[in-house]
Amino acid sequence: MLVFAKYFGVIDGKPLTGNVHPFALVVMANPIRENAKETFRYFAEQDVSVKVISGDNPVTVSEVALRAGIDGADRYIDASTIHTERELYDAARAYVVFGRVSPEQKRQLVGALKKQGNTVAMTGDGVNDVLALKDADCSIAMASGSDAAAQAAQVVLLESDFSKMPSVVLEGRRVVNNIERSASLFLVKNIFSFIMALCSIIAAVTYPLEPAQISLIAMFTIGIPSFFLALQPNKKRIEGNFMKNVLLRALPAGLTDVICVGALVMFGNTFNLDTDGVATAATLLLAIVGFMIMYKISRPLNKLTASVFVLCVVGLAFSSTVLKSLFYMSKMSTECIMLAVVFAIATESLFRYLSLFVERLQLWFETDDIREKIPHRRKKEKFKFMG
């Protein structure tokens, strides 16, 4: 707000002594984008807390934030009144709008939110935001802002349009969730190969599978499916620890592979069955388990994932029969076929019960009681936006 007035005395830098006659009042306002409320409503629905940190007057910033539809924007504080780290730490938890914030305080606020167990994303466009941008878990800058902010940020919005942020979040979810699914497929083979190799060394027996057979399984239950899974849209919210999610998702299938193939090899040795036939039967068991985990992580199936699933089954069947010499798929004896059928039937039940066990174990770790005992498990996303 700018007031124009007349003063008939001499202006010499000292306090005015005569009357001042105002004749014009100019109100300047930065209009709120039409899609701002929709954007902040989306983040509120996703359980994302928004903090507005600005160098301007906290009352003004609070009013703008309220007009933009930010929840709790009436809770504001003047950061110039904060003098200790403890006061700033408590303020980061209690307030939504922060005014008259210095560049160093912005950095300290990001650190305080992180210490409280939050994942912090920050947006900024000025040089005074660089320190905080570098310390945030995720930093977003506007292309129309300073070059320093753009260089320090991990993500730059080329159109400088904040309404694109939901699209950025959804793209991030797609990437992370699809990598989790694809990594689970790869980890199944790694779990099986590691445990089986360790058991073979301890028992001083030959590893039951040929490299070509492992390649056959990897191609149709890992490589091809993971490529198409990575292209799928996925809006599921990212939860938990990435490595834990991948490991728990892959563990049932990996253990099923180890138990079934290990038991098959033991039976084959007991009944003096042909090792090539046992290796072929083991390859088929691995394929069955691979398709089960592939089906599980691909749900709900759509046209693309269903088509990929069917093509992989057909491709493996074709390679195992027409190209059997290339992949060392030998003819199985009647005994091997019977063993393969028995273990194939047992495989489904074993995989199902191991999956239930792992799910119960995961739920046990994620109960409210455990979260209360271990505060750092209770993480919530925090976004900081510049006013």
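The numbering of the sequence shown is my numbering, which starts it at 1 and goes up by one. Every residue gets a Cβ at the ideal spot worked out from N, C-alpha and C, and that includes glycine. Quick caveat, the model's predicted, so the values are computed rather than measured.
>> Assuming contact is defined by CB atoms lying nearer than 8 Å, are V97 and S139 in contact in what I supplied?
In response: Counting from 1 along the sequence shown, the entry for residue 97 is found at position 97. Counting from 1 along the sequence shown, the entry for residue 139 is found at position 139. Their beta carbons are not under 8 Å apart, which means V97 does not touch S139 by this criterion.
> Count the other CB atoms within 10 Å of the CB of D257; is the residue buried (16 or more) or exposed (fewer)?
Replying inline: For the purposes of this step, residue 257 is taken as the residue at position 257 of the sequence shown. Buried, by the Cβ-count rule.
> Buried or exposed: K189, going by 16 or more other Cβ atoms within 10 Å of its Cβ?
Replying inline: As a first step, residue 189 must be located in the sequence shown, where it is residue number 189. K189 is buried by the Cβ-count criterion.
> Nearest to M145 by alpha carbon, out of D135, M266 and T123?
Replying inline: Here the question's residue 145 lines up with position 145 in the sequence shown. According to the sequence provided, residue 145 is Gly. The question's Met does not apply to it. If we check each option's Cα against that of G145, T123 comes out closest.
> Exposed or buried, F118, counting other C-beta atoms within 10 Å across all chains shown (16 or more means buried)?
Replying inline: Position 118 of the sequence shown holds residue 118. A small correction: the amino acid at residue 118 is Asn; Phe does not occupy that position in the sequence shown. Buried: at least 16 other Cβ atoms inside 10 Å.
>> What would DSSP say about I140, mapped onto helix, strand or coil?
In response: Here residue 140 is taken as the residue at index 140 of the sequence shown, counted from 1. DSSP places I140 in strand when its eight states are reduced to three.
>> Just to confirm before moving on: does the CB-CB distance between N177 and K236 stay below 8 Å?
In response: As a working mapping, residue 177 is identified with position 177 in the sequence shown. As a working mapping, residue 236 is identified with position 236 in the sequence shown. Yes, the Cβ-Cβ distance between N177 and K236 is below 8 Å.
> Cβ of P429 within 8 Å of Cβ of L185?
Replying inline: Residue 429 lies beyond the stretch modelled for the chain, which goes from 1 to 387, so this question has no answer here.
> At least one CB of chain D closer than 8 Å to the CB of W364: is that the case?
Replying inline: No chain D is present in this structure, which holds just one protein chain.
>> Please state whether the Cβ-Cβ distance between V156 and A136 is less than 8 Å.
In response: As a working mapping, residue 156 is identified with position 156 in the sequence shown. As a working mapping, residue 136 is identified with position 136 in the sequence shown. Taking 8 Å as the Cβ cut-off, V156 and A136 do not qualify as a contacting pair.
>> Between the stretch 40 to 48 and the stretch 18 to 27, can you find at least three pairs of beta-carbon atoms closer than 8 Å?
In response: Two segments are said to touch when three or more pairs of C-beta atoms, one from each, lie closer than 8 Å; by this definition the stretch 18 to 27 does not touch the stretch 40 to 48.
> Among all the DSSP beta bridges, which residues are the ones paired with F4?
Replying inline: Sequence index remark: in the sequence shown, residue 4 carries index 4 (1-based). Its beta-bridge partners are A24.
> Quick one: Cα of G387 to Cα of I179, how far?
Replying inline: Position 387 of the sequence shown, counted from the first residue, corresponds to residue 387. Position 179 of the sequence shown, counted from the first residue, corresponds to residue 179. Note that G387 scores 46 on pLDDT, short of 50, meaning its location in the model is unreliable; the coordinates nonetheless yield the value given after this. For G387 and I179, the distance between alpha carbons rounds to 35 Å.
> Between which two residues does the beta strand (DSSP E) containing A121 stretch?
Replying inline: As a first step, residue 121 is located in the sequence shown; it is residue number 121 there, counting from the start. Looking at the DSSP string, the run of the beta strand (DSSP E) that includes A121 is T119 to G124.
> Cα-Cα, which of T321, A344, G111 and A143 is closest to L131?
Replying inline: The residue you call residue 131 lines up with position 131 of the sequence shown. That would be G111, whose Cα lies nearest to the Cα of L131.
> So, is T151 buried or exposed, given that buried needs 16 or more other C-beta atoms within 10 angstroms?
Replying inline: On the sequence shown, position 151 is the one that residue 151 refers to. What sits at residue 151 in the sequence shown is Gln, not Thr. Burial call: exposed.
> Is the stretch 202 to 222 touching the stretch 271 to 283, taking contact as three or more C-beta pairs under 8 Å?
Replying inline: yes
> Is it right to say Q213 is buried, meaning 16 or more other beta carbons lie within 10 angstroms of its own, or is it exposed?
Replying inline: Your numbering for residue 213 matches position 213 in the sequence shown. The residue is buried, with at least 16 neighbouring Cβ atoms inside 10 Å.
>> Rounded to the nearest angstrom, what separates S167 and L248 at their Cα positions?
In response: Within the sequence shown, numbered from 1, the residue matching residue 167 stands at position 167. Within the sequence shown, numbered from 1, the residue matching residue 248 stands at position 248. If you take the alpha carbons of S167 and L248, they lie about 29 Å apart.
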